[in-house]
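Numbering (our numbering), first residue to last: 157 to 871.
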């Protein structure tokens with residue numbers, strides 16, 4: 157379900173994509189499966205009653221996480237999957253070796269300078285986890301290792317370190333750790349002078365924290381223990397860990413979540429409170445940690461804004477005054493409500509403003525027009541206003557980390573379906589690019605010129621044009637015999653850009669094509685594209701994917717015998733709907749941690765993230781939304797019909813999509829389906845929504861999914 161956002165931290169996610177090496181075109185011969193009976197879940201009817209309607213759930217008992225019968229059932233499903241796919245283990249191993257061989261294992265990020273130090277993230281050969289370090293003033297200075305996550309993760313099944321926040325005097329660093337994969341982080345603090353972990357240990361947080369300028373006051377966000385909603389901001393005194401933490405702000409509206417962050421200038425601390433379509437910010441000056449947070453603009457239904465600070469002004473990315481595709485506005489820090497907001501970059505019906513970056517001489521705006529991102533560079537004195545030149549047909553382009561206001565150099569990231577990711581530094585005065593780092597894909601055979609990328613346009617049933625980004629090997633001809641893996645997400649306005657992932661090479665070099673359907677529910681074609689794929693228009697998301705599938709088949713780029721579909725989380729919901737509505741279009745489907753029991757979940761406000769989702773899916777306590785959601789909910793709409801071959805993944809500790817949703821769905825599919833196609837449930841008993849935490853364990857999970865569809869293609 158929905159992504160969580162974290163506040164500013166002086167470490168970026170490591171510039172790294174899971175990679176694969178150029179694979180050989182060998183034929184994997186499938187062995188006949190043994191005559192193994194699948195596990196059958198007990199039927200214990202449970203009735204849900206609302207709006208004078210009764211729904212019967214035969215597998216509701218699988219919600220009982222601690223019930224030994226539930227754990228036994230999950231184990232039996234895993235054993236069935238392992239036995240039925242035993243003949244693909246050598247293929248999985250080959251895929252894993254290919255992937256790992258493409259990784260530059262002793263890799264490091266592009267260093268960046270922040271508050272007197274260069275910060276670096278690096279990996280060492282053979283190790284799963286990153287090492288975070290810094291060097292004072294010069295890159296030639298002695299390295300100071302802040303965290304070696306390989307040592308910290310030793311003997312743990314799962315380990316995730318997030319939310320680095322270095323104190324203004326550079327003497328301490330706060331960080332969050334999750335060892336269960338429930339995204340409930342414990343915040344700790346390391347003394348960078350002694351190297352010791354201090355007494356601070358704050359449980360059940362988002363992992364993010366912000367220092368005040370006194371180097372002693374640490375602001376952080378607590379989660380609700382049951383729903384995992386980030387609901388309150390506290391202040392912790394690092395110099396007195398025995399003192400009870402002070403509640404600074406609590407969000408009582410259960411449809412909202414809160415987060416704490418710092419301005420780029422470090423002059424202000426912000427508390428953001430937001431639902432899917434409404435936001436509200438509070439602020440104090442960073443040198444006044446005892447001050448009362450002031451509201452910038454009181455929440456107004458459907459008014460969204462985010463705030464940044466520079467000089468004497470606050471700058472807003474906002475949809476104020478019905479600016480559907482957003483605009484940039486600013487106001488004095490002393491007059492913050494919307495009646496004082498002045499337009500800086502006006503709203504456009506054709507151009508979505510996604511983000512912006514402030515420099516002392518320049519404003520850089522990340523825009524999206526007709527699906528393609530672009531960077532607009534504008535001088536404050538109006539002497540220059542131009543776009544960064546890009547020459548590929550379909551690509552991903554984003555502003556990178558730029559912590560220095562005074563710089564005239566912009567860092568950005570560029571990649572495409574065939575072009576590995578690069579961090580580039582652009583001199584905004586001379587208009588010259590310097591590539592700081594390009595993702596290395598090891599192996600002699602890889603060459604971006606060996607691959608073809610295109611953008612296609614499919615007709616939807618209501619007349620909309622749906623973009624499809626596709627990539628395939630130059631030796632592959634798109635015919636009815638070509639296997640295509642079609643991917644999509646389609647929720648929360650989250651745009652899936654056509655970005656590089658070298659794991660796909662192991663498919664592309666075996667004759668597969670990979671395609672992304674930029675369906676409604678994302679913002680690829682602007683905010684209206686999102687609005688047309690949510691609430692009572694949600695079915696457009698599903699119909700768009702089906703219509704893209706039909707387009708690929710009608711154009712004879714593939715056929716139902718060779719078309720595969722993949723989606724995860726809300727994209728897993730998409731997979732559940734399409735196989736109920738149009739199962740005949742696909743040979744195989746991979747549904748990863750799928751959100752498939754929509755109505756039951758959205759009626760249960762004790763399940764993590766439910767109440768904050770009402771603006772996305774609707775509130776089924778209202779009959780109109782109940783009826784609409786029920787009409788597409790994959791679990792409720794399972795019927796007696798043939799279904800494609802299906803691999804479903806899940807995580808026992810998943811906090812986003814609870815394990816029991818895919819588990820119940822598989823049980824019901826197995827009881828209802830009328831075919832002999834494969835149906836597998838693979839539950840990671842040690843991880844959650846994002847799967848394994850180690851970079852190499854993650855490769856094994858990808859190998860499983862690729863082996864599933866490669867094996868189907870060769871049957």
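Glycine included, C-beta positions come from ideal geometry on N, C-alpha and C.
A quick note: this is a predicted structure, and the numbers were derived from the prediction, not measured.
Counting only C-beta atoms, is residue 452 closer than 8 Å to chain B at any point? Considering every chain present, this structure includes no chain B. It has just one protein chain.
Pull up the distance between the alpha-carbon of residue 461 and that of residue 506, whole angstroms please. Cα atoms of residue 461 and residue 506: separation of roughly 20 Å, rounded to the nearest angstrom.
Leaving out five residues on either side along the sequence, give the residues of the same chain with a beta carbon under 7 Å from the beta carbon of residue 563. If you ignore the 5 residues before and after residue 563, its C-beta comes within less than 7 Å of the C-beta of 515, all in its own chain and listed in chain order.
Identity of the residue in 197, 216 and 199 nearest residue 755 by Cα: Comparing C-alpha distances from residue 755 to each of 197, 216 and 199 shows the shortest one belongs to 216.
Please tell me whether residue 774 and residue 691 are closer than 8 Å, where the distance is taken between their beta carbons. Yes, Cβ-Cβ distance for residue 774 and residue 691 is below 8 Å.
By Cβ distance below 7 Å, which residues in the same chain neighbour residue 594 in space, the five residues on each side in sequence not counted? Excluding residues within five positions, the ones whose Cβ falls inside 7 Å are 576 and 578.
Three-state secondary structure (DSSP) of residue 739: Residue 739 sits in a helix when the DSSP states are folded into three classes.
Note down the Cα distance separating residue 735 from residue 800, rounded to an integer number of angstroms. Roughly 7 Å between the two C-alpha positions.
From the DSSP output, read off the bridge partner residues of residue 332. Looking at the DSSP assignment, residue 332 forms a beta bridge with 318 and 343.
Checking the sheet assignment: what are the DSSP bridge partners for residue 802? In the DSSP assignment, the residues bridged to residue 802 are 745 and 835.
With a 10 Å radius around its C-beta and 16 neighbouring C-beta atoms as the bar for buried, classify residue 584 as buried or exposed. Result: buried.
Same chain, Cβ closer than 6 Å to residue 865, neighbours up to 5 away in sequence not counted: Same-chain partners within the cutoff: 720 and 744.
Look up residue 870 in the DSSP assignment and say whether it is helix, strand or coil. Taken through DSSP and simplified to helix, strand or coil, residue 870 comes out as helix.
Buried or exposed (CB count within 10 angstroms, at least 16 for buried), residue 542: Around the CB of residue 542, fewer than 16 other CB atoms lie within 10 Å, so the residue is classed as exposed.
In three-state terms, what does DSSP make of residue 623? In this structure, residue 623 counts as strand in the three-state DSSP scheme.
Quick one: using the 10 Å Cβ neighbour count with 16 as the cut-off for buried, is residue 613 buried or exposed? Exposed, because fewer than 16 other Cβ atoms sit within 10 Å of the Cβ of residue 613.
So which of 796, 609 and 603 has the shortest CA-CA distance to residue 550? The residue with the shortest Cα to Cα distance from residue 550 is 609.
Quick one: Cα of residue 861 to Cα of residue 501, how far? Using only the alpha carbons, I get a separation of about 45 Å.
Residue 226, enclosing alpha helix (DSSP H) - first and last residue: Per DSSP, residue 226 is one residue of the alpha helix (DSSP H) stretching across 224 to 240.
For residue 272, the nearest candidate out of 209, 521, 326 and 792 (CA to CA): Measuring from the Cα of residue 272, the nearest candidate turns out to be 326.
Nearest-angstrom Cα separation, counted from residue 366 out to residue 436: Residue 436 and residue 366: Cα-Cα distance of roughly 18 Å.
In chain order, each beta strand (DSSP E) run of at least 3 residues that lies wholly inside the stretch 517 to 595: 518 to 525, 528 to 535, 541 to 543, 552 to 555, 565 to 571, 578 to 583 and 588 to 594, all fully within the stretch 517 to 595.
Between residue 384 and residue 343, what straight-line distance do the alpha-carbon atoms span, to the nearest angstrom? One alpha carbon belongs to residue 384, the other to residue 343, and they sit about 16 Å apart.
My guess is that residue 332 and residue 364 are in contact by the Cβ rule of under 8 Å, so how many angstroms apart are they, rounded? Residue 332 to residue 364, Cβ: 7 Å. Contact.
Going by DSSP in three states, residue 608 sits in which element: helix, strand or coil? Residue 608 falls in the strand class under three-state DSSP.
Residue 497 (DSSP reduced to helix, strand or coil): In the three-state reduction of the DSSP assignment, residue 497 falls in the coil class, being assigned neither a helical nor a strand state.
Drop a sphere of 10 angstroms on the beta-carbon of residue 182, count the other beta-carbons inside from all chains shown, and report buried for 16 or more, exposed for fewer. Note that residue 182 scores 35 on pLDDT, short of 50, meaning its location in the model is unreliable and no value can be drawn from it.
For residue 154, which option in 644, 440, 607 and 422 has the closest C-alpha, if you only look at C-alpha atoms? This structure cannot speak to residue 154, because the chain is shown only from 157 to 871.
Endpoints, beta strand (DSSP E) assigned at residue 778: No beta strand (DSSP E) holds residue 778; DSSP gives it neither H nor E.
Just mark residue 340 as buried or exposed, buried being the case when its beta carbon has 16 or more other beta carbons within 10 Å. When all chains shown are included, residue 340 counts as buried.
Quick one: complete beta strand (DSSP E) runs, 3+ long, within the stretch 412 to 475? For the stretch 412 to 475, the full-length beta strand (DSSP E) segments reaching 3 residues or more read 413 to 418, 424 to 430, 435 to 441, 461 to 466 and 469 to 474 along the chain.
Given a cut-off of 8 Å on the beta-carbon distance, is the pair residue 956 and residue 248 in contact? Limits of the chain in this structure are 157 at one end and 871 at the other, which puts residue 956 out of reach.
Which residues does DSSP pair with residue 105 in a beta bridge? Any answer about residue 105 is impossible in this case: the structure gives the chain only from 157 up to 871.
Best match in 391, 465 and 329 for proximity to residue 302 [C-alpha to C-alpha]: Sorting 391, 465 and 329 by C-alpha distance to the C-alpha of residue 302 places 329 at the top.
Let me know the beta strand (DSSP E) ranges lying completely inside the stretch 659 to 692, each 3 residues or longer, listed in chain order. You should have 669 to 673.
If you follow the beta strand (DSSP E) that residue 326 is in, where does it begin and where does it stop? Element bounds for residue 326: n/a, residue is neither H nor E.
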